[in-house]
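The block underneath contains the structure these notes are about, expressed in structure tokens.
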């Protein structure tokens, strides 16, 4: 049975021709019995007749112009390319130490050089080569935004110079420096500055053995 | 097969993967409908274009979150209607109709009948403009954009019964304004 508060929905369906025959009869019966609903229904029906054809809307921009504007709006809002992966603070130090060891390996691998340093490292030649490749792959993605947290190696280098000048004179330093792929702008000392004290200690031990 | 022949769901998937051509095709496909509704709601060509831009911009930026539970057309239309309703809420005053086409059409009607038509349309638009935003949208989208009540409910993001009730109350309000104006104007 139709209730008065349901009139809006019933009226819209009735005038829209969406009521079944039985529902139409029920609606009409309700209007006969309820004056307020009948009046509301009459007003709605009259209003439907008041709607006039409305000239079409003004022409819109052509597609090309619209898309061009949309692209211009999108440009500054489009999410930027993903940021390069941040390397952990020790990755630079690790890379530096690997390179130093590779340099040392290159030196000790010469026929006249002792092999203890390489053996002592526990790394095979294949492993070092593999690490070198990984390093080459990663060297292009280093972020410049986050400074490494390595401590200065200046003093350590000074110790090497003082205690093992033969190491410097032997040409090892220049070989290591030449094998340093990311050191296009900085010096070896700057690169050593990125090493942690533990890594410097290992390096120093290697050279002391030499 | 050209991109214009691909279905919406495929284009949406491509657009989500960053295919700008696919999104462009969706824009071209649905802009006329979106623009038409916005032009009627804002009664301003410039505002309709701006809101149209905003609609497709918003849709693009929200595309990743579009779960395709409704069609792209319904979704983007809902965004447009929401923007139109917000605009209507902000613009409580009458916005001059800047349709050159409309004015040209009316200017060509130089007869007394043409003048009367212009007058009636002007009063009708003014009365629609004064309706509460959702009632205004109900009249414009249902009676001038040809939406079904189901589509209207989707666009207004409300139950279908509410959409029908909005339309019912909108027309009664419209009648009151128009008839009251006629009586008040001595017609």
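Protein chains in written order, with the working numbering: chain E, -2 to 207; chain U, 1055 to 1241. Every residue gets a Cβ at the ideal spot worked out from N, C-alpha and C, and that includes glycine.
- Residues of the segment 1084 to 1104 of chain U that bring their beta carbon within less than 8 Å of a beta carbon in chain E comprise 1085, 1086, 1089, 1090, 1093, 1094, 1099, 1102, 1103, in sequence order.
- With a cutoff of 8 Å on beta-carbon distance, residue 1117 of chain U and residue 1190 of chain U are scored as not near each other.
- Under the Cβ criterion of 8 Å, residue 41 of chain E is counted among the residues facing chain U.
- Residues of chain E with a Cβ closer than 7 Å to the Cβ of residue 1198 of chain U are, in chain order, 51.
- When the beta-carbon positions are compared, residue 1080 of chain U and residue 1092 of chain U stay at least 8 Å from each other.
- Look at residue 59 of chain E: its C-beta is not under 8 Å from any C-beta on chain U.
- Between residue 1105 of chain U and residue 1141 of chain U a beta carbon distance of about 6 Å is seen, short of the 8 Å cut, so the two are scored as contacting.
- In the structure shown, residue 42 of chain E adopts helical secondary structure according to DSSP, grouped into three states.
- Chain U has no Cβ within less than 8 Å of the Cβ of residue 17 of chain E.
- DSSP places residue 1097 of chain U in the coil class of the three-state scheme, outside both helix and strand.
- If you compare the alpha carbons of U/1063, U/1225, U/1188 with that of residue 46 of chain E, the shortest gap goes to U/1225.
- The residues 1130, 1133, in chain order, have a CB closer than 6 Å to that of residue 1113 of chain U in the same chain once the five nearest residues on each side in sequence are set aside.
- When U/1172, U/1110, U/1068 are compared, the shortest CA-CA separation from residue 50 of chain E is found for U/1172.
- In the three-state reduction of the DSSP assignment, residue 1061 of chain U falls in the coil class, being assigned neither a helical nor a strand state.
- Between residue 28 of chain E and the set E/44, E/2, E/48, E/15, the nearest pair of CA atoms involves E/2.
- Under a criterion of Cβ atoms nearer than 8 Å, the residues of chain U adjacent to residue 66 of chain E are, in order, 1107.
- In this structure, the straight-line span from the alpha carbon of residue 1196 of chain U to that of residue 1206 of chain U is close to 7 Å.
- Within chain U, the residues placing a beta-carbon under 7 Å from that of residue 44 of chain E are 1225, 1226, 1228, 1229, ordered along the chain.
- Our two residues, residue 1145 of chain U and residue 1101 of chain U, have alpha carbons roughly 11 Å apart in a direct line.
- From the beta-carbon of residue 1218 of chain U, the residues of chain E found nearer than 8 Å are 5, 6, 9, 10.
- If you ignore the 5 residues before and after residue 1096 of chain U, its C-beta comes within less than 6 Å of the C-beta of 1102, 1141, all in its own chain and listed in chain order.
- Note on geometry: alpha-carbon atoms of residue 20 of chain E and residue 1213 of chain U lie some 21 Å from one another.
- In the DSSP assignment, residue 1212 of chain U falls outside any alpha helix (DSSP H) and carries neither an H nor an E.
- When only Cα atoms are considered, residue 1203 of chain U and residue 1218 of chain U end up about 7 Å apart.
- For residue 1222 of chain U, a Cβ of chain E is located within less than 8 Å of the residue's own Cβ.
- Residue 1062 of chain U sits buried, since 16 or more C-beta atoms from the chains shown fall within 10 Å of its C-beta.
- Taking a beta-carbon distance threshold of 8 Å, residue 1078 of chain U counts as an interface residue toward chain E.
- Your pair residue 1199 of chain U and residue 1094 of chain U checks out as a contact, with CB atoms roughly 7 Å apart and the cut at 8 Å.
- Taking C-beta separations shorter than 7 Å and ignoring five residues to either side along the sequence, the partners of residue 1088 of chain U in its chain run 1106, 1109, 1130, 1131, 1134, following chain order.
- Following the DSSP letters along the chain, one finds residue 1138 of chain U inside the alpha helix (DSSP H) bounded by residues 1126 to 1144.
- Within the same chain, and ignoring the five residues on either side of residue 1136 of chain U in sequence, no residue has its Cβ closer than 6 Å to its Cβ.
- Your pair residue 1222 of chain U and residue 8 of chain E checks out as a contact, with CB atoms roughly 6 Å apart and the cut at 8 Å.
- When 7 Å is used as the limit between beta carbons, residue 1114 of chain U is near these residues of chain E: 71, in chain order.
- Collapsing the DSSP output to three states places residue 67 of chain E in a helix.
- Going by beta carbons, residue 12 of chain E and residue 42 of chain E fall inside the 8 Å limit.
- Under the Cβ distance rule, residue 1066 of chain U does not count among the residues neighbouring chain E, no pair being separated by less than 8 Å.
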